[in-house]
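Chemist: Next up is a structure, given as structure tokens.
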Amino acid sequence: MNDRTEADLVRVLADAAERAPVPDGDLAGAVRVRRRAHRTRMALACAAVVAIAVGGTVAVRDALPTASGPVSPAAQGPSEGPAEFAVRPASEVWPGAVTTIPKKAADGLTYRPVAALGPTTLLLIAESSFEKAARLDTYDTTTGRGTPLVQVPSPEGKQRYYAQAVEVGDDTVAWWGNVQGKPTWADFWVAPRSGGTARQVGEVTGALADVERIGVTRDSLVWSVRGGGVYRMPLEGGTPQPVPGGEGLGLVSWPWASDASEDRSRNQTKLVNLATGQTIPVNLPEGADGVRCGLVWCAGTLGEGSVVQRVDGGDRRTLPGTSSWEMTSLSGARTGFVGMTQGDRYAAAVYDPETGLAGGIGGLAKDGGSWFGVGVSSSPPSLVYTDPPCEEKADKCPSKHLVINLLALPAP
């Protein structure tokens, strides 16, 4: 019996007044985001699951200015002045990218989104109980049909074992797992992306088991650890070896790594290509905090809002009334962000810096609460999900997820 609760999922992300811990199960009273205490990544319900409640002592309202259009990078240039930030429903901004999927598979297993595999195909985890992965499925949003891809086994003799974040490679799907309460042990698994049987690549112990992110190539499983450092293990098994140039770094998405981990108290200052050795410095504005970058774009906080810019500092613009951005993958090197807005219409928005468009998600419910999640993907996630709008009582609303498939967003 899994004895973990939803309260284990989260940690405080934003309580501007106090940043105080919140009792288990108490999602009202502040803007909150928590992560599971024992640091396993599937509990993020994504690369980071986010639960947001608005109300109580930290009211979030009247912070988004009205505006007639999106941010104009050309108009903003490198300046740090206020920018227009218009938020419309994501379904209006990107109608071809927004869909609904059932929360349960045909056999009753609970679906948890992982990643988008293409404009109409999603990868989902089918869970037998809370966070207990039983299977990976693909889901076709055009036909509304889920198809089993691969069973997710537990290693023999490992009680309270949970599979964690999933990584999708060109030919392979990979994931890692660990045992609740035993942070000094982890293992890695791979399966054909086309479906088939999963097999264990290997196990690691000690500091190497404190897995932060994983990546997969044609011949190796790579991962970074929370204390910094990138390692490699052959897909056929073998002894872990440090990746040259990866000392002190954490994976963003193979082969790219950075000098900033999940600890938001430090800004990212560089991107490193571990395959070529190329290093790209990040040009940050003074006073920026919690900056994280993809291959092209960066986002962080600055003053009372957020700052978004290219890695070299170009096209810098501020987004007033927003905070707590997570990187998302729009396609290839194109990076977007999803995070909280402090307005009275939407709990969060997906922001595409290439076009300056923002799509609101997680509209505030009548009880003042709302939430959104991103896929259980090791690399920056390629989908965002929440509950669809519903005017009925909670028990009358359809049991579905509203999903924004970021790989279906139109090219700029």
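Every number in the numbering used here is 359 more than the matching position in the sequence shown, counting from 1. All residues carry an ideal CB built from backbone N, CA and C; glycine is no exception.
(1) Candidates 495, 538, 609 and 576: which alpha carbon is nearest residue 553's?
(2) Taking the DSSP output, what are the residues bridged to residue 560?
(3) Quick check: what's the CA-CA separation for residue 534 versus residue 642?
(4) Return the Cβ separation of residue 472 and residue 718 in integer angstroms, given the expectation that the two are a contact with Cβ distance under 8 Å.
(5) So, for residue 749: in the same chain, excluding its five sequence neighbours on each side, which residues have a beta-carbon less than 6 Å away from its beta-carbon?
(6) How many angstroms separate the CA atom of residue 543 from the CA atom of residue 568?
(7) What did DSSP end up calling residue 451 once you bin it into helix, strand or coil?
(8) Taking only the alpha-carbon atoms, compute the straight-line gap between residue 759 and residue 459 and give it to the nearest angstrom.
(9) For residue 575 versus residue 613, is the C-beta spacing smaller than 9 Å?
(10) Count the other CB atoms within 10 Å of the CB of residue 352; is the residue buried (16 or more) or exposed (fewer)?
(11) Using DSSP with H/G/I as helix, E/B as strand and the rest coil, what is residue 462?
(12) What is the DSSP secondary structure of residue 821, reduced to helix, strand or coil?
(13) Using the C-alpha atoms, what's the distance from residue 498 back to residue 765?
(14) Does the Cβ-Cβ distance between residue 545 and residue 484 come in under 9 Å?
(15) Roughly how far, in whole angstroms, is the beta-carbon of residue 644 from the beta-carbon of residue 675, given that I think they are within contact range, below 8 Å?
(16) To which residues of the same chain is residue 600 closer than 6 Å at the C-beta, ignoring the five residues directly before and after it?
(17) By the three-class DSSP mapping on this structure, what secondary structure does residue 646 have?
(18) Looking at the structure shown, is residue 545 part of a helix, part of a strand, or coil, going by DSSP?
(19) Assign residue 721 to one of three DSSP states: helix, strand, or coil.
(20) Classify residue 558: buried if its beta carbon has 16 or more other beta carbons within 10 angstroms, exposed otherwise.
Modeler: Reading from the atomic positions:
(1) Position 194 of the sequence shown, counting from 1, holds the residue named residue 553. Among 495, 538, 609 and 576, the Cα nearest to that of residue 553 is on 495.
(2) For the purposes of this step, residue 560 is identified with residue 201 of the sequence shown, where counting begins at 1. Residue 560 is not bridged to any residue.
(3) Mapped onto the sequence shown, residue 534 falls at position 175. Mapped onto the sequence shown, residue 642 falls at position 283. Between residue 534 and residue 642, the C-alpha separation is close to 33 Å.
(4) The sequence position of residue 472 within the sequence shown is 113, counting from 1. The sequence position of residue 718 within the sequence shown is 359, counting from 1. Residue 472 to residue 718, Cβ: 17 Å. No contact.
(5) Indexing the sequence shown from 1 puts residue 749 at position 390. If we look at residue 749 and ignore the five residues flanking it on each side, its Cβ neighbours are 756.
(6) In the sequence shown, the residue the question calls residue 543 occupies position 184. In the sequence shown, the residue the question calls residue 568 occupies position 209. Taking the straight line from one Cα to the other gives about 5 Å.
(7) For the purposes of this step, residue 451 is identified with residue 92 of the sequence shown, where counting begins at 1. It is helical.
(8) For the purposes of this step, residue 759 is taken as the residue at position 400 of the sequence shown. For the purposes of this step, residue 459 is taken as the residue at position 100 of the sequence shown. So the two alpha carbons sit approximately 6 Å from each other.
(9) Position 216 of the sequence shown, counting from 1, holds the residue named residue 575. Position 254 of the sequence shown, counting from 1, holds the residue named residue 613. Yes; because the gap between Cβ atoms is below 9 Å, this pair is in contact.
(10) In the structure as shown, the chain starts at 360 and stops at 771, and residue 352 therefore has no counterpart that could be examined.
(11) For the purposes of this step, residue 462 is identified with residue 103 of the sequence shown, where counting begins at 1. Correct three-state label for residue 462: coil.
(12) There is no way to answer for residue 821, as the model of the chain reaches only from 360 to 771.
(13) By 1-based counting over the sequence shown, the position of residue 765 is 406. By 1-based counting over the sequence shown, the position of residue 498 is 139. Taking the straight line from one Cα to the other gives about 15 Å.
(14) Position 186 of the sequence shown, counted from the start, is the residue given in the question as residue 545. Position 125 of the sequence shown, counted from the start, is the residue given in the question as residue 484. No, the pair does not count as a contact, with Cβ atoms beyond the cut-off.
(15) Working through the sequence shown from its first residue, we reach residue 644 at position 285. Working through the sequence shown from its first residue, we reach residue 675 at position 316. The pair is a contact, with the Cβ atoms about 7 Å apart (cut-off 8 Å).
(16) The residue given as residue 600 occupies position 241 in the sequence shown. Correct list, in chain order: 591.
(17) The residue labelled residue 646 in the question sits at position 287 within the sequence shown. Here residue 646 sits in coil by DSSP.
(18) Your numbering for residue 545 matches position 186 in the sequence shown. DSSP places residue 545 in strand when its eight states are reduced to three.
(19) The residue given as residue 721 occupies position 362 in the sequence shown. DSSP places residue 721 in strand when its eight states are reduced to three.
(20) Along the sequence shown, read from residue 1 onward, the residue named residue 558 stands at position 199. Classification of residue 558: exposed, given that the 10 Å Cβ count is below 16.
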